[in-house]
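For the sequence shown, numbering that gives the first Met the number 0 begins at 0 and goes up steadily by one. Don't be surprised by glycine CBs; every beta carbon is placed ideally from N, CA and C. Since we're looking at a predicted model, the values are computed, not measured. Here's the structure we're looking at; comments come further down.
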Amino acid sequence: MTSQSSNPTEHVDVVVVGAGLSGIGAAYHLQTECPDKSVAVLEARDRLGGTWDLFRYPGVRSDSDMFTLGFPFEPWDGKAIADGPSILSYVQRTAARHGIDRHIRYRTRVVGADWSSAHARWTLDLEVTGEDGEVRRKSLTCGFVYCCAGYYDYDNPHDPVLPGIDDFVGTVAHPQFWPEDLDVTGKRVVVIGSGATAVTLVPALSGSAASVTMLQRTPTWITALPARDKLADRIRSVLPAGLAHQVIRTKNIVMVLAFYEFCRRQPSLARKLLLGQVTKMLDGDGETVRQHFTPPYDPWDQRLCLVPDADFFRAMKSGKARVVTDTIDTFLPGGVRLESGTVLDADVVVTATGLRLRLFGGFPLSVDGEQVSIPDQFVWRGALLTGLPNFAVCVGYTNASWTLRADLTSRLVCKVLQHLDARGYDAVVPRADEDVEARPLLDLASGYVQRAMADLPHQGDRGPWRVRQNYLWDAAVTLRTDLDSTLEPVHRTVRQPRGEALRTVG
Numbered sequence: 000m001t002s003q004s005s006n007p008t009e010h011v012d013v014v015v016v017g018a019g020l021s022g023i024g025a026a027y028h029l030q031t032e033c034p035d036k037s038v039a040v041l042e043a044r045d046r047l048g049g050t051w052d053l054f055r056y057p058g059v060r061s062d063s064d065m066f067t068l069g070f071p072f073e074p075w076d077g078k079a080i081a082d083g084p085s086i087l088s089y090v091q092r093t094a095a096r097h098g099i100d101r102h103i104r105y106r107t108r109v110v111g112a113d114w115s116s117a118h119a120r121w122t123l124d125l126e127v128t129g130e131d132g133e134v135r136r137k138s139l140t141c142g143f144v145y146c147c148a149g150y151y152d153y154d155n156p157h158d159p160v161l162p163g164i165d166d167f168v169g170t171v172a173h174p175q176f177w178p179e180d181l182d183v184t185g186k187r188v189v190v191i192g193s194g195a196t197a198v199t200l201v202p203a204l205s206g207s208a209a210s211v212t213m214l215q216r217t218p219t220w221i222t223a224l225p226a227r228d229k230l231a232d233r234i235r236s237v238l239p240a241g242l243a244h245q246v247i248r249t250k251n252i253v254m255v256l257a258f259y260e261f262c263r264r265q266p267s268l269a270r271k272l273l274l275g276q277v278t279k280m281l282d283g284d285g286e287t288v289r290q291h292f293t294p295p296y297d298p299w300d301q302r303l304c305l306v307p308d309a310d311f312f313r314a315m316k317s318g319k320a321r322v323v324t325d326t327i328d329t330f331l332p333g334g335v336r337l338e339s340g341t342v343l344d345a346d347v348v349v350t351a352t353g354l355r356l357r358l359f360g361g362f363p364l365s366v367d368g369e370q371v372s373i374p375d376q377f378v379w380r381g382a383l384l385t386g387l388p389n390f391a392v393c394v395g396y397t398n399a400s401w402t403l404r405a406d407l408t409s410r411l412v413c414k415v416l417q418h419l420d421a422r423g424y425d426a427v428v429p430r431a432d433e434d435v436e437a438r439p440l441l442d443l444a445s446g447y448v449q450r451a452m453a454d455l456p457h458q459g460d461r462g463p464w465r466v467r468q469n470y471l472w473d474a475a476v477t478l479r480t481d482l483d484s485t486l487e488p489v490h491r492t493v494r495q496p497r498g499e500a501l502r503t504v505g
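What follows is the structure in structure tokens.
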């Protein structure tokens with residue numbers, strides 16, 4: 000049941016949407032660099048943590064090292080590749096330690112946002128779920144919106160048509176909504192998919208299941224790293240925690256970027272290196288590598304899958320797990336028949352078929368009541384969008400840890416807010432030159448990216464409109480951006496800066 004609240008509309012300076020890794024980092028920077036601003040963090044769920052609270056499938060873990068996925072201001076003290084519960088505890092601990100949890104409003108979902116040019120503020124339409132389960136409609140106004148809700152649809156995963164799935168009499172589970180009471184002990188499990196979630200589930204389930212089969216249409220590039228970074232441990236043993244964290248973080252940033260550049264510039268050598276590593280982990284079984292671990296595309300055309308301590312390949316060598324490369328003909332009551340005619344017997348089927356992209360938490364955006372077409376916009380510095388005054392979005396890297404760009408973007412948002420105050424502006428919006436060439440926002444050939452391409456804004460071919468997948472470059476230029484040259488004030492009457500007369504712009 001939904002009711003309309005009669006409470007007067009509240010106003011805050013900045014609203015952060017989402018209380019996951021990005022939202023907690025954003026709130027930290029806002030309260031540190033813009034302490035005079037009132038901030039509200041709106042979280043649709045009843046707990047903080049975002050991805051790390053939502054995903055609870057067996058073995059859930061990071062696919063980036065925690066020294067770069069973690070916050071630069073909060074040293075990480077565990078394994079380099081960490082499990083989901085450890086990451087969630089870290090996010091919760093960080094929010095509590097810095098008082099960020101006091102700014103979070105739970106069970107508060109943004110369902111619409113409209114910018115008023117006359118009043119230079121956003122009005123957010125909210126659905127707030129009370130303790131009694133009743134959903135109440137409320138409004139909240141703010142001067143700036145910073146959306147840190149990620150770009151995945153956490154309510155509706157990618158769910159392709161699986162022929163005959165209704166005939167299957169066993170259990171069907173999706174990792175995004177893992178049943179708490181699902182026990183695979185002694186059961187035959189088929190995991191459909193070949194991405195990061197699938198290669199995480201296979202070794203985790205193989206410990207108790209009778210057998211686990213990963214069914215894939217196309218192989219994925221996989222690489223292995225130790226879960227524990229021994230060099231990082233040595234650095235932490237001799238340096239103070241904060242300094243050690245920064246040294247390790249810098250080391251890992253350089254290593255990850257160097258490997259990415261190697262793969263893009265020398266794809267043949269990268270293929271040889273990755274295939275050699277997999278062959279070694281499978282004790283020289285070249286035929287298995289050729290059939291199931293040799294993708295038709297180059298490394299980093301799609302994101303690589305990381306397996307810590309080669310656990311995926313150890314599960315295969317134990318005989319408890321295997322990979323089958325084929326396509327589904329139809330489901331049967333007791334399993335899956337493939338187009339090759341092979342039947343995979345199954346008691347449990349896990350549909351690790353990927354996620355669906357959804358920008359800005361999925362709520363519509365409008366200016367003066369007119370909805371803004373997001374695919375027609377350009378992204379400025381990977382953060383602000385044309386056509387949307389005082390609005391920023393946090394989007395991470397495709398080739399490195401999400402938090403690296405998230406942290407830069409949060410610092411840039413603070414710089415923009417400081418710029419507004421220094422100039423006495425109410426609002427700014429990025430304006431792209433007419434000759435800026437539109438390019439796809441994300442440079443991956445992955446299915447989830449291609450399916451959403453028509454709904455995404457564009458990047459440009461140069462300057463602040465180009466979204467580079469290079470943290471070192473971004474770290475050098477992002478905060479040195481000349482805001483006066485690329486951001487335009489859009490509200491007619493600007494606030495009076497100290498020592499200056501009130502003036503009109505636009």
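Continuous beta strand (DSSP E) stretch holding residue i: start and end
i, result
"Gly-145", "At residue 145 the sequence reads Tyr, which differs from the Gly that was named. Here the beta strand (DSSP E) through Tyr-145 covers 134 to 146."
"Cys-304", "304 to 307"
"Phe-330", "327 to 331"
"Trp-547", "Any property of residue 547 remains undetermined from this structure, which presents the chain solely from 0 to 505."
"Arg-120", "120 to 128"
"Val-342", "342 to 344"
"Phe-66", "Premise fails: Phe-66 lies in the alpha helix (DSSP H), 65 to 68, not in any beta strand (DSSP E)."
Coarse secondary structure for residue i, derived from DSSP in three states
i, result
"Tyr-151", "strand"
"Arg-270", "helix"
"Ser-4", "Residue placement at Ser-4 is flagged as unreliable, the pLDDT there being 48, under the threshold of 50; a coordinate-derived value is accordingly withheld."
"Glu-433", "coil"
"Leu-22", "The question names Leu, but residue 22 in the sequence shown is Gly. In the structure shown, Gly-22 sits in a helix (DSSP, three-state: H, G or I)."
"Arg-410", "helix"
"Ser-317", "coil"
"Leu-47", "coil"
"Thr-170", "strand"
"Asp-76", "coil"
"Asp-334", "The sequence shown places Gly at residue 334, rather than the Asp named in the question. Strand at Gly-334."
"Val-260", "Reading the sequence as shown, one finds Glu at residue 260 and not Val. Of the three classes helix, strand and coil, the one that applies to Glu-260 here is helix, per DSSP."
"His-291", "helix"
Status (buried if at least 16 other CB within 10 Å, exposed otherwise) for residue i
i, result
"Gln-370", "exposed"
"Arg-491", "Residue placement at Arg-491 is flagged as unreliable, the pLDDT there being 47, under the threshold of 50; a coordinate-derived value is accordingly withheld."
"Glu-73", "buried"
"Met-65", "buried"
"Thr-503", "Residue placement at Thr-503 cannot be trusted, given a pLDDT of 31 that sits under 50; the coordinates are not used to answer."
"Met-254", "exposed"
"Lys-414", "buried"
"Ser-317", "exposed"
"Lys-271", "exposed"
"Ser-236", "exposed"
"Asn-155", "exposed"
"Gly-22", "buried"
"Ser-339", "exposed"
"Pro-463", "buried"
Whole-angstrom distance between residue j and residue i, CA atom to CA atom
i, j, result
"Val-198", "Val-306", "7 Å"
"Pro-294", "Tyr-89", "35 Å"
"Val-366", "Val-110", "15 Å"
"Gly-17", "Lys-137", "17 Å"
"Trp-525", "Asp-228", "Outside the displayed span of the chain (0 to 505) sits residue 525, for which this structure offers no information."
"Cys-147", "Thr-480", "22 Å"
"Gly-283", "Gln-276", "10 Å"
"Ala-240", "Phe-70", "13 Å"
"Asp-152", "Phe-54", "13 Å"
"Ala-314", "Leu-256", "30 Å"
"Arg-357", "Ala-39", "22 Å"
"His-457", "Thr-249", "30 Å"
Sheet register partners of residue i (DSSP bridge)
i, result
"Gly-524", "One cannot answer for residue 524 here, as it falls past the ends of the chain, which runs 0 to 505."
"Met-280", "According to DSSP, which records beta bridges pairwise, Met-280 is partnered with nothing at all."
"Asp-82", "Arg-60"
"Ile-103", "Val-40"
"Trp-513", "No information on residue 513 is available, as it lies outside the stretch 0 to 505 that the chain covers here."
"Thr-212", "Val-189 and Arg-321"
"Val-348", "Val-171 and Val-189"
"Val-428", "Glu-487"
"Ala-391", "Tyr-145 and Leu-383"
Run of the alpha helix (DSSP H) containing residue i, from where it starts to where it stops
i, result
"Ile-191", "Looking at the DSSP string, Ile-191 is not in any alpha helix (DSSP H); the run it does join, the beta strand (DSSP E), is 187 to 191."
"Leu-200", "195 to 205"
"Gly-111", "Element bounds for Gly-111: not the alpha helix (DSSP H) but the beta strand (DSSP E), 107 to 115."
"Val-322", "It is not in any alpha helix (DSSP H) - Val-322 instead sits in the beta strand (DSSP E) that spans 320 to 324."
"Val-355", "The identity of residue 355 in the sequence shown is Arg, whereas the question assumes Val. Premise fails: Arg-355 is in no alpha helix (DSSP H) and is neither H nor E."
"Phe-54", "Here Phe-54 belongs to no alpha helix (DSSP H), and DSSP marks it neither H nor E."
"Leu-486", "Segment 486 to 488 is the beta strand (DSSP E) holding Leu-486; no alpha helix (DSSP H) there."
Check: residue i C-beta below 8 Å from any heavy atom of the ligand NAP
i, result
"Asp-12", "No copy of the ligand NAP occurs in the structure displayed, which carries no ligand at all."
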